[in-house]
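Student:
Next up, the structure:
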């Protein structure tokens, strides 16, 4: 099998093409011929050693992959050879609350991931690909889309008329925009680039804010709600934006903490959370049950993932550099098959 692995030490310069022996699926496992994989910011952090610097190497990165079942091991009944499938982010998380075992079953770290032409997955850790999606589109869903669904639906219970504030136009934020639109929410999007904001508006955003030309974007967001505050913030910025998110949300509102684009450590005041009765919800992707609910909703409403650019397998490292540049809108994909 052909793959890329982080070899020796962390860093994009140490993400190298390699060959490994073809794997054989064991009991209740399936071997998948990978057709496409998408990149998440988590994957970049994993390669650079910022996510878990004690992670055992070598490691094949990328949590998201879609392809075709090639062979099944003894006891497999959920899928058969020829089925199109996606790998669930956490192979052991089927429903309910996460656990330490769930976290240890995440693809792309600590388990080998999808930046390869072949994967062996648990039978319970694959989900059927909808017929109307290409492999490249399907490969965008397992991490970013499920994370957005968990934030707004599983945990957030966003309803029609709620005001949702989304930071940026990366994978999670664009999926959150599409999901919030399905739910009938009013959507505010922030970005550093006006052209991205216009694209977000075309997708359904009601209001947009350029946070470079408008540094006090949280005040503008409150103003758009007659100074009440938004109901829900999808917080992907991290330490650099978290306090602004707390000031943008209404009393009793929710801040879903998802990303750490501007850093993961900060000194902050807890008083606003207490005095405003805010809910701060950490979101770590989601279980297979949420993934399947998301797919039903997307199929019912004909929602298509927004793919920024598709790179060939031979240019996988360039795809990571593109993601790191922040120039993307939606998801960056590597075509494997």
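Residue numbers (this note's numbering): 10 to 346. C-beta atoms are modelled at their ideal positions from N, C-alpha and C, and glycine is treated no differently.
1) Can you have a look at residue 51 and say buried or exposed, based on whether 16 or more other CB atoms are within 10 angstroms of its CB?
2) Beta carbon of residue 344, beta carbon of residue 322: below 8 Å?
3) I need the DSSP call for residue 54, collapsed to helix, strand or coil.
4) Take residue 159 and list the residues in its own chain whose beta-carbon comes closer than 6 Å to its own, dropping the five residues that flank it on each side.
5) Taking just the CA atoms, how far does residue 18 sit from residue 31?
6) Pop quiz: residue 70 and residue 15 are said to be a contact at Cβ under 8 Å. What is the actual Cβ separation, rounded to whole angstroms?
7) Roughly how many angstroms lie between the CA atoms of residue 66 and residue 125, to the nearest whole one?
8) Using 8 Å as the limit for Cβ to Cβ distance, is residue 221 near chain B?
9) Quick check: what's the CA-CA separation for residue 28 versus residue 10?
10) For residue 187, I'd like the list of residues in its chain whose CB is within less than 6 Å of its CB, leaving aside the five on either flank, ordered along the chain.
11) Residue 103 and residue 297: beta carbons closer than 8 Å?
12) From the DSSP output, which residues share a beta bridge with residue 220?
13) Going by Cα to Cα distance, which pick from 191, 44 and 59 is closest to residue 304?
14) Does the Cβ of residue 38 have 16 or more other Cβ atoms within 10 Å, making it buried, or fewer, making it exposed?
15) Let me know the secondary structure DSSP gives residue 10 once reduced to three states.
16) For residue 48 versus residue 119, is the C-beta distance shorter than 8 Å?
17) What does the alpha-carbon distance come out to for the pair residue 72 and residue 122?
18) Use the C-beta contact count for residue 2: other C-beta atoms within 10 angstroms, 16 or more gives buried, fewer gives exposed.
19) Between residue 237 and residue 139, what straight-line distance do the alpha-carbon atoms span, to the nearest angstrom?
20) Can you name, in chain order, every residue of its own chain whose Cβ lies under 8 Å from the Cβ of residue 100, other than the five neighbours on each side?
21) Could you tell me which whole beta strand (DSSP E) segments of length 3 or greater appear in the stretch 148-198?
22) Relative to the C-alpha of residue 24, which candidate in 326, 266 and 285 has its C-alpha closest?
23) Tell me which residues share the same chain as residue 22 and place their Cβ nearer than 8 Å to its Cβ, disregarding the 5 neighbours each side in the sequence.
24) Beta-carbon within less than 8 Å of residue 271's beta-carbon, same chain only, minus the 5 sequence neighbours each way: which residues are those?
25) Going by DSSP, which residues form a beta bridge with residue 41?
26) Is residue 281 helix, strand or coil when you go by DSSP?
Tutor: Per the coordinate set shown:
1) Buried, because 16 or more other Cβ atoms sit within 10 Å of the Cβ of residue 51.
2) Taking 8 Å as the cut-off, the beta carbon of residue 344 is found closer than this to the beta carbon of residue 322.
3) Residue 54 falls in the helix class under three-state DSSP.
4) Answer for residue 159: 292, 295 and 299, listed in chain order.
5) Each residue's Cα considered, the two are about 24 Å apart.
6) Here residue 70 really is in contact with residue 15; their C-beta atoms are around 6 Å apart, less than 8 Å.
7) So the alpha carbons of these two residues sit roughly 16 Å apart.
8) The structure shown has no chain B; it contains just one protein chain.
9) Residue 28 and residue 10: Cα-Cα distance of roughly 6 Å.
10) 312, listed in sequence order.
11) Less than 8 Å separates the beta-carbon of residue 103 from that of residue 297.
12) None, per the DSSP bridge assignment.
13) The residue with the shortest Cα to Cα distance from residue 304 is 191.
14) It counts as buried.
15) Residue 10 sits in coil when the DSSP states are folded into three classes, being neither helix nor strand.
16) Taking 8 Å as the Cβ cut-off, residue 48 and residue 119 do not qualify as a contacting pair.
17) Each residue's alpha carbon lies about 5 Å from the other.
18) It is not possible to answer for residue 2, since the shown part of the chain is limited to 10 through 346.
19) Their backbone Cα atoms lie some 40 Å apart in a straight line.
20) Closer than 8 Å at Cβ, skipping near neighbours: 114, 115, 116, 120, 130, 131, 133 and 134.
21) With a minimum length of 3 residues, the continuous beta strand (DSSP E) runs that stay inside the stretch 148-198 are 172-176.
22) Selected option, being the one with the closest Cα: 326.
23) By the criterion of a C-beta distance shorter than 8 Å, residue 22 is surrounded by no residue of its chain, once the five residues flanking it on both sides are discounted.
24) Residue placement at residue 271 is flagged as unreliable, the pLDDT there being 46, under the threshold of 50; a coordinate-derived value is accordingly withheld.
25) Bridge partners of residue 41 according to DSSP: 78 and 128.
26) Taken through DSSP and simplified to helix, strand or coil, residue 281 comes out as helix.
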